[in-house]
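Peer 1: Below are the structure tokens for one structure; questions will follow.
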């Protein structure tokens, strides 16, 4: 069987045996795939440079006994700067983990691929807080997967909430609720919900422009992740 040439981003790396690595790769052509990079842990091995988390490149793979083997690879972007700070590495790892959990095996998803690529690019080369890029990624991922929350009206009574200072947010209902209808739910400022709305809608190429006030960032992080884990039904932030 001839080798296939694929473009992909390494989302996860697992050491295997004495000198190999198992790579979970988000490929542009096939979605999520698992590839064995034999010998890639050896010093100066031809596959070593590609076999690192976050690396984007062109791969030549072949299938043996139902498993994909990496024959050769060319690094197109290492996103090396991600590894220069804990904050960048932490946010990039969360992005990779979330992408891996929602990606379909064997099914291409250009929108997800571009979202991951741009998010890693901004974290690596952008000047904004990596946490802002991470939260923007999660907001856009929710919308992409069909879980965009309601943010401007009460899901129970339909009341317009845009003039309010604070409202409530319900994971089970899927978004905003007025104080009268949902006093038991999480309190959140409408400023934070507006920031969430804008992040869901912004073009991926403009993610570098996202700069959240600290109070908004601190309020949105638990809200976004708690909601994501509720609708996705798995933990996405570990």
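Residue numbers (the numbering used here): -10 to 227.
Just so you know, even glycine gets a beta-carbon here, dropped at the ideal spot from N, CA and C.
Bear in mind the structure is a predicted one, so any value in this text is a computation, not a measurement.
#1: Run through DSSP, which three-state label would residue 42 get?
#2: Alpha carbon to alpha carbon, how far is residue 101 from residue -5? Give it in angstroms, no decimals.
#3: Is it true that the CB of residue 57 sits closer than 9 Å to the CB of residue 50?
#4: Tell me which residues share the same chain as residue 170 and place their Cβ nearer than 7 Å to its Cβ, disregarding the 5 neighbours each side in the sequence.
#5: Going straight from the alpha carbon of residue 162 to that of residue 196, what length do you get?
#6: Which same chain residues end up closer than 8 Å to residue 206 when comparing Cβ atoms and leaving out the 5 residues on each side of it in sequence?
#7: Evaluate residue 223 with the Cβ neighbour count: other Cβ atoms within 10 Å of its Cβ, from every protein chain shown; 16 or more gives buried, anything less gives exposed.
#8: What's the gap between the Cα of residue 115 and the Cα of residue 47?
#9: Using 9 Å as the threshold, is the C-beta distance between residue 81 and residue 103 below it?
Peer 2: The relevant details are as follows:
#1: If DSSP states are grouped into helix, strand and coil, residue 42 belongs with coil.
#2: Approximately 16 Å, taken between the alpha carbons.
#3: A distance below 9 Å separates the beta carbons of residue 50 and residue 57.
#4: Taken in chain order, the residues that qualify are 143, 145 and 146.
#5: Whole-angstrom Cα-Cα distance: 28 Å.
#6: Here the set comprises 118, 120, 121 and 124.
#7: In this structure residue 223 is exposed. Its beta-carbon is surrounded by fewer than 16 other beta-carbon atoms within 10 angstroms.
#8: The alpha-carbon atoms of residue 115 and residue 47 are separated by roughly 24 Å.
#9: Taking 9 Å as the Cβ cut-off, residue 81 and residue 103 do not qualify as a contacting pair.
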